Amino acid sequence: MNASHRAVAMLASALALAGASPAPSPQGEGMLPPEVAAQFPSGYLAGFGEPPLWRPEALRNFRSRIRLTINGILYTKVSIRIDERSNGWLEGHVAFVDPRDHSVPNGLTERYFTVGRARFDALRQTFERARLWHIYPEFYQMTGDNICVDGMELIFERADANGYRFSTANAQCTAPPAMIEAAAALIELSRERRVLHWLQ
5 MNASHRAVAM LASALALAGA SPAPSPQGEG MLPPEVAAQF PSGYLAGFGE PPLWRPEALR
65 NFRSRIRLTI NGILYTKVSI RIDERSNGWL EGHVAFVDPR DHSVPNGLTE RYFTVGRARF
125 DALRQTFERA RLWHIYPEFY QMTGDNICVD GMELIFERAD ANGYRFSTAN AQCTAPPAMI
185 EAAAALIELS RERRVLHWLQ
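Just add 4 to wherever you are in the sequence shown, counting from 1, and you've got our numbering.
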């Protein structure tokens, strides 16, 4: 991680601690904490009906929860979550939001999927290799005079006994290869291979 990346992460944290960030928009359903939600357009993650992992009650009856949300230039956005319950049981949940799909309420389609312990442990190792969540909040951004005008934003969240963590990058502009690998591993686990091309 370069100096400018660290500076951006530290500035975002300092602003949050100072109370400079506004509260999350109701349109965004409070999925992200204020210091993170302030960096995204209003309603950016609206429509999923997903639980806010940053709130303490999100871990009630859970050991850990991991979520990848992808949103950007496409009409469709997706959220993939894996919950590890207190008894060790693992369950996955995937949700697609497409405002053009009028066949379902609010364009939302959801399903659950099974997760094996060995594959979940391998996934966590992939996240560790990607060095996700080592800084809070972590924003991979363009450096110098470069700008990123489109693409798909990868939003990684984790909640466990060590607290809430957040990392984000644009798949086409700023995400390092290890982060793309982590996103692909979670997508493969959800069996939603159609989403893989969003990373290219």
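Each residue gets a CB set at the ideal place from its N, CA and C atoms; glycine is no exception. None of these values were measured; they are calculated from a predicted model.
message: Output needed for Y116: all residues of its chain with C-beta closer than 7 Å, excluding positions within five of it in sequence on either side, in chain order.
response: Taken in chain order, the residues that qualify are E95, G96, H97.
- prompt: To which residues does DSSP link G167 through a beta bridge?
  reply: G167 is bridged to D164.
field: Rounded straight-line distance, which links the Cα of F100 to that of G198
entry: The identity of residue 198 in the sequence shown is Arg, whereas the question assumes Gly. Rounded to whole angstroms, the separation of the alpha carbons of F100 and R198 is 12 Å.
field: Own chain residues within Cβ distance below 6 Å of E54, not counting five before or after
entry: M35, S83.
- request: Can you give me the start and stop residues for the beta strand (DSSP E) that F117 sits inside?
  value: F117: member of the beta strand (DSSP E) spanning 112-118, first to last residue.
- prompt: Where F72 and M183 are concerned, what is the direct C-alpha to C-alpha distance, given to the nearest angstrom?
  reply: In the sequence as presented, Phe is not what sits at residue 72; that position holds Leu. Taking the straight line from one Cα to the other gives about 11 Å.
Residue burial classification, P28 (beta-carbon count within 10 angstroms, cutoff 16): Bear in mind that the predicted position of P28 carries a pLDDT of just 33, short of 50, making it unreliable; the figure below should be weighed with that in mind. Result: buried.
query: Shortest alpha-carbon distance to N65 belongs to which of G47, Y79, I77, R89?
result: Looking only at G47, Y79, I77, R89, the smallest Cα-Cα distance to N65 is reached by R89.
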